[in-house]
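J.:
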Amino acid sequence: MALLQTWQRMRSNPIHEKRWQQFKRNRRGFWSLWIFSGLFLLSLLGELWVNDKPIMISYQEQWYFPIIQDVPENKLGGDFDISTDYHDAYMVEQIEKEGWILWPLIPFYYDSINYELTESAPSAPNHINYLGTDDQGRDVIARLVYGFRISVFFALALTLCSSLIGVFVGAVNGYYGGRIDLFGQRLLEIWEGLPMLFMLIILASFVEPTFLWLLGLMILFSWPGLVGIVRAEFLRGRNLEYVKAARALGVSDNQIMFRHILPNALIATLTFMPYLFTGALTTLTSLDFLGFGLPLGSASLGEMVAQGKNNLHAPWLATSAFISLSTILVLLVFIGEAVRDAFDPRKIL
Amino acid sequence: MSLDNAGLPLLKVQDLSVSFAQLKVVECLNFELQRGKTLALVGESGSGKSVTALSILQLLPYPHAHHEQGEIYLSGQAVVGKGDKVLQAIRGNKVSMIFQEPMTSLNPLHTIKKQIAEALLLHKGLTGKPATKRIIELLELVGLDNAESRLSSYPHELSGGQRQRVMIAMALANEPELLIADEPTTALDVTIQKQILELLKSLQKRLNMGILLITHDLHIVRNFADDVVVMCDGRQIEYNKTESLFTTPQQSYTKKLLSSEPQGQMPALQRHDLILSAENINVSFPLSKNFWGKVTSKLYAVKNAGLQVHQGETVAIVGESGAGKSTLAQAVLQLNDSEGKVVYLGQRIDQLKNSAMRRIRSSLQIVFQDPFASLSPRMSVHEIVAEGLRVHSAMDETQIELEVQRVLAKVGLDKNSGKRYPHEFSGGQRQRISIARALILKPKLIVLDEPTSALDRTIQKQILELLIDLQKEFSLSYIFISHDLSVVRAVSHRVVVMQAGKIIEQGLTSEIFGHAQEKYTQILLSSAAL
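Taken in sequence, the protein lines are chains A and B.
Just so we're aligned, residue 432 is where the first sequence starts under this note's numbering, counting upward by one.
Just so we're aligned, residue 2 is where the second sequence starts under this note's numbering, counting upward by one.
What follows is the structure, given as C-alpha cells:
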C-alpha cells in the first residue's frame with residue numbers, strides 16, 4: 432500500500448514524469464528494458480518450461496503435478512515407494528498406458544544428464560537437445576536459462592547491497608566532512624587498494640563458496656565504487672541554500688541528509704547503477720570461468736564459457752555462451768545509456 | 002564616415018519583430034539613435050531588451066529565431082538577414098558590445114593583452130609593437146592604472162571593476178560608432194558602478210559614440226540617457242526624452258515602473274525591547290597551518306562586530322560585496338563557525354549544544370537572496386512550508402494542512418499552490434514561498450539576506466510591502482541585508498555599515514542618510530545618488 436502511494440506520488444511529480452518521458456525517447460534503451468524484463472520473467476518461470484519433470488500427468492483418471500509435488504513411483508504404476516524418475520523409459524511406458532504426460536518445452540533441468548545420447552558428450556544440437564549438450568551431457572538451453580537467472584539475481588543483490596552501503600558511507604563522509612571525511616577517505620583508499628580477485632581466490636580456498644558466501648565477499652569489495660560520487664554530491668549539497676534554510680529551520684542532520692541532499696545524490700547513483708550491475712554480472716562470470724565461483728554443478732554462464740574453451744571441437748558451447756552473454760551485456764548497456772539520458776538535466780525537455 | 006550618410010541616424014530600428022519558433026518575443030519596435038547620444042532600453046527581465054540588442058548585431062540563434070518584419074539600419078545600411086561577411090565587418094568594428102558579467106565574458110585562459118589584441122588583429126590587422134602601443138593607449142583611456150604592467154595579467158587577477166574596464170577597452174579597440182552596453186554595471190558595487198558610468202560618458206564625448214544602454218535601473222537611466230524606450234513583454238510602451246518621461250510619464254505601465262522605486266520611511270519605534278544582542282563576533286578562515294595542523298594565520302571575514310535588535314525593528318546591514326554582511330548575520334543565527342557572545346531573550350545561545358539550539362531555531366529564521374536556489378526542487382510547496390512544523394510541533398496532518406494554507410494566504414499565494422513544485426513559480430512567488438517557510442514557525446527574528454535583489458523593481462516593491470505588513474502584524478524583527486541603499490532607506494529603522502569585515506558606522510536610518518560621519522558611508526551614499 433505504502434509502495435503504491437510512493438509510486439503515485441512519484442508519478443505526480445512532474446520532474447519524474449519528464450524523466451520517464453526522456454527515458455522513453457531513447458527507443459533503444461526503452462526496448463532493451465522491455466526485452467531484458469521479458470527474458471528475466473521467462474527465466475523466473477523457468478520451472479514451467481525448462482524442467483526434467485512433466486508439468487502434468489493424468490494417470491488412472493487422476494491428475495498429478497510433478498513440478499510442485501513429489502509423486503512416488505508406485506502411484507504411477509511403478510514398483511517402489513520412491514520418487515519417480517520421469518526419464519526412465521519404463522515409467523513413461525507405464526504412465527502412458529493409462530493416461531498421458533504433458534512435458535515442458537525443454538524436458539531437462541540444469542543438472543539433469545541426458546543418458547540417451549547417441550554420441551559422446553558434448554553432443555551436437557539435435558531435435559532433443561536444441562543447442563546440444565555440454566561435456567557432462569547436460570542440456571545447454573537449460574543451463575543457459577538457469578545460469579542467466581542466477582547471474583541476474585546475483586547482480587541485482589550485489590548492486591542493491593553495495594549501493595546501500597556505498598551511499599551511506601559517501602553520505603556520511605560528504606555531509607560531515609572534516610576529520611570523518613579525512614579518515615574515511617584514507618580507509619577507503621587502502622581498502623580499494625586490495626586486489627579483489629586475489630582476495631576472493633584466497634578466501635574461496637578457506638570456505639566452500641555458496642551463493643550467499645560469494646555475494647557477501649563481493650559486497651565487501653564492491654561498495655567503494657559509489658562512495659566517490661555520492662560523497663561529491665553531499666559535499667556540494669551541504670552548501671546549497673535550501674539545505675542551509677533547512678538547517679535554519681532546525682531540521683536534524685539525518686533529516687537533511689535523507690530528505691534534502693539524498694535526492695540529488697540519487698541521480699548520480701541511479702545513473703551509475705546499470706554499470707554496477709553489468710560489472711557485477713561480468714565479475715561473477717569471470718569467477719565462475721576461473722572455477723572460484725558458484726559451487727560445482729550449479730548453472731552458470733561463466734562455467735559455460737570455460738566448457739567452451741575446453742571443448743573447442745564443440746563450437747555450440749562457446750557460441751551459445753558468447754551470444755547469450757553479449758546479448759545480456761548489450762541490453763544492459765543500452766538501458767544504462769537511456770537511464771543516463773533520462774537524468775541528464777540538459778536533455779530534459 | 003562618408004558624407005552622404007552624415008545626416009542619417011546612427012541606428013534606426015523600424016517595426017522590428019523577433020520570434021523564437023512560434024513565440025513572439027519582440028513586437029513592432031521603433032526607435033532612433035544619433036551620434037553622441039545615449040538611448041536607454043528599460044524594462045523588467047523577460048521584456049525583450051537583450052534580444053533587441055542581439056538582433057542589432059544579428060547574433061540570435063538563426064534560423065530558430067527570425068524577424069517576421071522590420072529592419073535595422075546602421076548609418077543607413079540595412080543589416081537584417083545580411084550574410085556573415087557583411088555582419089562580421091560590422092561586429093566589433095562599427096558596433097561593439099559589452100556584457101553584464103565581466104568574469105564570464107573574458108576568456109579566463111588568455112591575458113588581457115591577448116584578448117584586446119584579437120579585436121585589433123581581426124579588424125585592423127595590427128600586430129606586434131603597434132598593437133601593443135595601441136593596447137596600452139586603450140587601457141589608459143579606460144582608466145586602468147598601471148596599464149603597462151597589467152598587459153600580462155589574467156582576468157582572475159583583476160577586480161570586477163577592472164575587468165569591466167578591460168571589457169570596455171576591448172569594445173573600444175576599433176573606435177566603434179555604436180556601443181551596446183547590456184547591463185554594464187549590474188554585477189558591480191555601487192561605488193564602482195558610478196566610476197564605470199562616468200567613464201562611459203566621458204568616452205562618449207571624446208569619441209562621439211552612440212550608446213545603446215540596456216538596464217533595469219532607473220537611476221542610471223535618469224542620470225545617463227538622453228532618450229528612453231520602455232519595454233514590457235516585448236512591446237514598446239513608451240519612447241520619449243528622458244526628462245519628459247520622468248516628469249510626465251504617459252503610459253500607466255511607465256507610471257507603475259517609476260513608482261516602484263522604494264519610497265517612504267519607517268516610523269520610529271515606540272518601545273525598545275531588546276530581543277537579540279551580539280558582541281565581539283569574529284568569523285575567520287585559516288590561511289595557513291603549520292606542520293601539526295595548528296592555524297598560523299587567519300583571514301577575518303568578520304572582526305569584532307556587535308549588533309542589537311529590538312522587537313519590531315528592522316536593522317539593515319549595508320556594505321559592498323565581500324564586506325561580511327551575510328557572514329555576520331549567519332554568525333548571529335549560529336549557522337557558521339563563529340566566536341563571540343550572542344544573547345537571545347536573556348539566554349546565551351552561542352554555547353548551546355545542537356539539540357538545544359534546534360529548539361530555539363524556530364524563532365530565528367532566515368530568507369535567502371536567490372529564490373531559485375533556496376527551495377528544494379524535489380519537494381512540493383506544501384512539503385517545503387510544512388517542514389518546520391514537522392520538526393517543531395506535534396500537529397497532526399490536518400492541522401498542518403490548515404496551517405500551511407493559512408500561511409500561504411498570508412504571503413499572498415493561492416492556497417492550492419501547495420501541491421505544485423517550486424519551478425512552476427516566478428521569482429517573486431518563490432520568494433513568497435521562502436517567506437512562508439520562515440513565517441510558519443512564528444519567529445521573532447527573520448534574517449533577510451538580500452531578499453529582493455534578484456527580483457524586478459515592481460516585484461521588489463510588492464515583496465517589501467509584504468514584509469512591512471507582516472512586521473506590523475506580528476511585530477517581527479528583521480535583520481535586512483542589502484547593497485541597495487534606496488531599499489534600505491525605505492524599510493529600515495537602523496542601519497549598520499560594514500566595510501571589510503568591520504562595522505564602521507551605525508545609527509538611525511535618518512541620521513545615516515542625513516549626515517553620515519564616516520567618509521566611506523558618504524562615498525556609498527553619493528555613489529547611489531540618493
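Every residue, glycine too, gets a C-beta built ideally from N, C-alpha and C.
#1: For the structure I just gave you, are there three or more beta carbon pairs, one from the region 653-667 of chain A and one from the region 586-595 of chain A, closer than 8 Å?
#2: Could you tell me the boundaries of the alpha helix (DSSP H) in which A:Thr750 lies?
#3: At a CB-CB cut-off below 7 Å, which residues of chain A make contact with B:Leu376?
#4: With DSSP run on the structure shown, which of helix, strand or coil describes A:Phe689?
#5: In the structure shown, what three-state DSSP assignment does A:Glu492 receive?
#6: For a contact defined as C-beta to C-beta under 8 Å, what are the partners of A:His744 on chain B?
#7: Measure the alpha-carbon distance for B:Met2 versus B:Gly77 and round it to whole angstroms.
#8: Is DSSP giving B:Thr39 helix, strand or coil here?
#9: Check whether the Cβ of B:Ser476 lies closer than 7 Å to any Cβ atom in chain A.
#10: Tell me which residues share the same chain as B:Leu4 and place their Cβ nearer than 8 Å to its Cβ, disregarding the 5 neighbours each side in the sequence.
#11: Which runs of the beta strand (DSSP E) fall wholly inside the region 450-504 of chain B and span at least 3 residues, in chain order?
#12: What residues of chain A sit near B:His393, judged by a beta carbon separation below 7 Å?
#13: For B:Leu365 versus B:Leu334, is the C-beta spacing smaller than 7 Å?
#14: What distance in whole Å lies between the Cβ atoms of B:Pro378 and B:Pro423, which are believed to be in contact at a cut-off of 8 Å?
#15: With distances taken between CB atoms, is the gap from B:Glu239 to B:Thr255 smaller than 7 Å?
#16: What whole-angstrom Cβ distance do A:Pro694 and A:Glu639 have, given they're in contact under 8 Å?
#17: In terms of alpha-carbon separation, which member of B:Leu259, B:Lys473, B:Val230, B:Glu388 lies closest to B:Leu34?
#18: For B:Val539, which option in B:Glu158, B:Tyr479, B:Leu198 has the closest C-alpha, if you only look at C-alpha atoms?
#19: Are the region 737-752 of chain A and the region 549-561 of chain A in contact at 8 Å, needing three or more beta carbon pairs?
#20: Using DSSP with H/G/I as helix, E/B as strand and the rest coil, what is A:Trp622?
#21: So is A:Ile621 buried or exposed if we call it buried at 16+ other beta carbons inside 10 Å?
#22: Considering only residues of the same chain and omitting the five flanking positions on each side of A:Leu780, which have a CB-CB separation below 8 Å?
#23: So what does DSSP say about B:Ile91, is it helix, strand or coil?
#24: In whole angstroms, give me the CA-to-CA distance for B:Ala22 and B:Ala66.
#25: Comparing alpha-carbon positions, which option in B:Arg164, B:Thr128, B:Arg490 lies nearest B:Leu465?
#26: Is it buried or exposed for A:Tyr546, if we count other Cβ within 10 angstroms and need 16 for buried?
#27: From B:Leu123, B:Lys115, B:Val81, pick the residue whose C-alpha is nearest to that of B:Leu140; which is it?
#28: According to the Cβ coordinates, are B:Glu69 and B:Ser20 closer than 7 Å?
#29: Taking Cβ to Cβ, would you say B:Pro185 is nearer than 7 Å to B:Pro156?
#30: Take the Cβ of B:Lys420 as the centre, count every other Cβ of all protein chains shown within 10 Å, and call the residue buried at 16 or more, exposed below.
#31: Terminal residues of the continuous beta strand (DSSP E) containing B:Glu340?
#32: Say whether chain A places a C-beta atom closer than 7 Å to the C-beta of B:Phe292.
#33: Return the first residue and the last residue of the beta strand (DSSP E) that A:Gly530 is part of.
#34: Could you please give the first and the last residue of the uninterrupted alpha helix (DSSP H) stretch that includes B:Val284?
#35: Might you give, ordered along the chain, the residues of its own chain that have their beta carbon closer than 8 Å to the beta carbon of A:Thr713, omitting 5 neighbours on each side?
#36: Between the Cα of A:Ile650 and the Cα atoms of A:Glu504, A:Gly710, A:Phe461, A:Gln500, which residue gives the shortest distance?
T.: For this structure:
#1: Result yes; three or more Cβ-Cβ pairs closer than 8 Å.
#2: 746-774
#3: Those within 7 Å of B:Leu376 in chain A are Tyr673.
#4: helix
#5: Of the three classes helix, strand and coil, the one that applies to A:Glu492 here is coil, per DSSP.
#6: Result: empty, since nearest Cβ-Cβ is about 59 Å, beyond 8 Å.
#7: For B:Met2, the predicted model reports a pLDDT of 42, less than 50, meaning its position is unreliable and no value from the coordinates is stated.
#8: Three-state DSSP puts B:Thr39 in a strand.
#9: Against chain A, the CB of B:Ser476 has no partner CB under 7 Å away; the residue lies outside that interface.
#10: Any reading at B:Leu4 needs caution, since the residue's pLDDT is 43, under 50, leaving its predicted position unreliable; the model's value is listed next. Cβ within range, chain order: n/a, list empty.
#11: 478-483, 495-500
#12: Gly681
#13: yes
#14: 6 Å
#15: yes
#16: In fact, because the Cβ distance is near 42 Å, the residues do not count as touching under 8 Å.
#17: B:Val230
#18: The requested residue 539 of chain B is not part of the displayed model; chain B covers only 2 to 531.
#19: By the Cβ criterion, the region 737-752 of chain A is in contact with the region 549-561 of chain A, since at least three pairs of Cβ atoms, one from each stretch, lie closer than 8 Å.
#20: In the structure shown, A:Trp622 falls within a helical segment according to DSSP collapsed to helix, strand and coil.
#21: exposed
#22: Low confidence applies here, because A:Leu780 scores a pLDDT of 47, under 50, leaving its location unreliable and the question unanswered by this model.
#23: Helix, per DSSP.
#24: 6 Å
#25: It is B:Arg490 whose Cα lies nearest to the Cα of B:Leu465.
#26: A:Tyr546 is exposed by the Cβ-count criterion.
#27: B:Lys115
#28: yes
#29: no
#30: Counting every other CB atom within 10 Å of its CB across the protein chains shown gives B:Lys420 a total below 16, marking it as exposed.
#31: 340-345
#32: No Cβ of chain A is located within less than 7 Å of the beta carbon of B:Phe292.
#33: 530-533
#34: No alpha helix (DSSP H) contains B:Val284, which is instead part of the beta strand (DSSP E) from 275-290.
#35: Leu760
#36: A:Gly710
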